[in-house]
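S.K.: First, the structure itself, so that you have it in front of you.
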Amino acid sequence: MKVSLAILPLLLGISTSLLLPEQARRLVDAAVSGDDGPLEFANVSFPIQCEQQEKVRGLAKKLSKEWMLGQLQHLSGFHTRYYNTDDGLIASRSIQDTVKRMIQNSSATRASVSSFSHPWRQKSVIATIPGRTNDTIVLGAHLDSINLHFPLVTHAPGADDDGSGVVTIMDVFRVLLHDKAIAQSRAHNTIEFHWYSAEEIGLKGSRDIFDNYKRLGRNVKAMLQQDMTGYIEGTLKAGQRESLGVITDFVHPGLTEFVKTVIETYCTIPWVETKCGYPCSDHFSATNAGFPSAFVLESAKQYSNPHIHSAKDVIDHLSLDHMRQHARDVANSRAGREGLGAVRTTHYGYTLKLSTKMPRPCLYYSCLSLCFSADLAAS
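Mind the numbering: the sequence shown is residues -17 to -1, 1 to 362 in mature numbering (1 follows the signal peptide of the UniProt record, and there is no 0), read in order.
Pasting the structure below:
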């Protein structure tokens, strides 16, 4: 199967993640002839085992539930993060400012963050930790949100979709800045963190970025997308075991196998294979540009969050009483054992009750992203 330069047509006001598989396939007929054959990618191979385990396990202890929670509260406090609104622009600037402060508080003198402009208001944000080469590992999430009912004006907190992914990789960036070898650019590969604009209306932001990288001849060795990492209620209600949903269509098979290896090595819950059935997130923009990509979802696709793209996509739905104890590094902290109660915040006239229990799946995904990037940085 050949992946051409064509990509999903731009559907103003329609979220790609809500398209029926048949509709989405028709949209990419010019680019993709099916979803079971081999894709055309750059010639790259991946480790068959995780080779940085001692370093990674030490870094994983620095992942912070409290820090992620604060960021997610702030991010979901915007009335909307829709791509062509003032709030959407302010949200992207806020992410860039937060990442800039993280760099300033570290010893990573060569690390940087910048915005990537598009022909609409909201910008994408790219943070870079240079390595010894320009070969690049990318961790991605989308920063925009949408409410499908009058998206320009309606409330779209987007806590799970994709606030959870945004803060997941932000915390990984923060932790990697504490690794001396990576912070001092002694890792083999460059690591980039992408927060994409305008995913919800046709993968527009990530398409711009990866098409630009292709034109520039950039060597993106691997891209891992984090889109919706916090909801497990559907899985548990169905009587299924909590797991990480590894997407198997429109991805690189070898990189996907490495992701499974990372989960088996570092996580305490299993993976399950699942399909979107269509190009459902920004990993497809990398795939379509010829770069190896992988995508891990909060669950098997059929059990994912039913509250997305509405005013109901709030943190409360991600904080479930029946969740088991947090990952070990969080459970050992006082806040991880006892929780922090609940707070209320008012934003643009909306009063939101925000749970202060950070969803445990977000911690698994932080660990996955951290291990993925740290292991591949040295490869």
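We put the CB at the ideal spot given by N, CA and C, even for glycine.
A quick note: this is a predicted structure, and the numbers were derived from the prediction, not measured.
With which residues is S97 paired in a DSSP beta bridge?
M.R.: The partner list for S97 (beta bridge, DSSP) reads I109.
S.K.: Under a Cβ-count criterion, where at least 16 other Cβ atoms within 10 Å of its own Cβ denotes burial, should T63 be classed as buried or exposed?
M.R.: buried
S.K.: Run through the DSSP bridge pairs and tell me what S276 is partnered with.
M.R.: M206
S.K.: Go ahead and label G200 buried or exposed: buried means 16 or more other beta carbons lie within 10 angstroms of its beta carbon, across all protein chains shown.
M.R.: exposed
S.K.: For the putative contact between L280 and V242, defined by C-beta atoms under 8 Å, what is the C-beta separation to the nearest angstrom?
M.R.: Contact flag wrong, Cβ pair sits at about 12 Å.
S.K.: Can you give me the C-alpha to C-alpha distance between K258 and S264, rounded to a whole angstrom?
M.R.: 12 Å
S.K.: Which parts of the region 164 to 188 are runs of the beta strand (DSSP E), unbroken and 3 residues or longer, counting only runs that do not cross its ends?
M.R.: 173 to 179
S.K.: Taking DSSP as the reference, what is the three-state secondary structure of V229?
M.R.: strand
S.K.: Closest to A221 by C-alpha separation, out of F233, G146, V229, Q285, would be which residue?
M.R.: Q285
S.K.: Using the three-state DSSP reduction, which class does W50 fall into: helix, strand or coil?
M.R.: Correct three-state label for W50: helix.
S.K.: If I measure Cβ to Cβ from A139 and keep anything under 8 Å in the same chain, skipping five residues before and after, which residues do I get?
M.R.: H62, T63, R64, Y65, S128, I129, N130, H292, S293, A294, D296
S.K.: Beta carbon of H125, beta carbon of D145: below 8 Å?
M.R.: yes
S.K.: In the DSSP assignment, find the unbroken alpha helix (DSSP H) run with V149 in it and report its ends.
M.R.: Segment 148 to 159, the alpha helix (DSSP H) holding V149.
S.K.: Quick check on the DSSP output: the alpha helix (DSSP H) that includes V242 runs from which residue to which?
M.R.: 236 to 249
S.K.: Can you give me the start and stop residues for the alpha helix (DSSP H) that V82 sits inside?
M.R.: 69 to 87
S.K.: Do you know how far the Cα of L351 is from the Cα of I246?
M.R.: 6 Å
S.K.: Does the region 147 to 163 come into contact with the region 219 to 236, if we say contact requires no fewer than three beta-carbon pairs (one atom in each stretch) closer than 8 Å?
M.R.: no
S.K.: Can you list, in chain order, the residues of its chain whose CB lies under 8 Å from that of R104, leaving out five sequence neighbours each side?
M.R.: Y66, N67, T68, D69, G71, L72
S.K.: According to DSSP, which residues form a beta bridge with L122?
M.R.: F176, L207
S.K.: Where does the unbroken alpha helix (DSSP H) through E281 begin, and where does it stop?
M.R.: No alpha helix (DSSP H) contains E281, which DSSP labels as neither H nor E.
S.K.: Is it buried or exposed for D80, if we count other Cβ within 10 angstroms and need 16 for buried?
M.R.: exposed
S.K.: Quick check: V255 and G213, are their CB atoms within less than 8 Å of each other?
M.R.: Cβ distance not < 8 Å, so V255 and G213 don't count as in contact.
S.K.: Decide if G41 is buried, meaning its Cβ has at least 16 other Cβ atoms within 10 Å, or exposed.
M.R.: exposed
S.K.: Excluding the five sequence neighbours on either side, which residues of its own chain have a C-beta within less than 7 Å of the C-beta of R311, listed in chain order?
M.R.: Any answer about R311 is weak, because its pLDDT of 24 lies below 50 and its placement is not dependable; what the coordinates show is given next. Contacts found: none.
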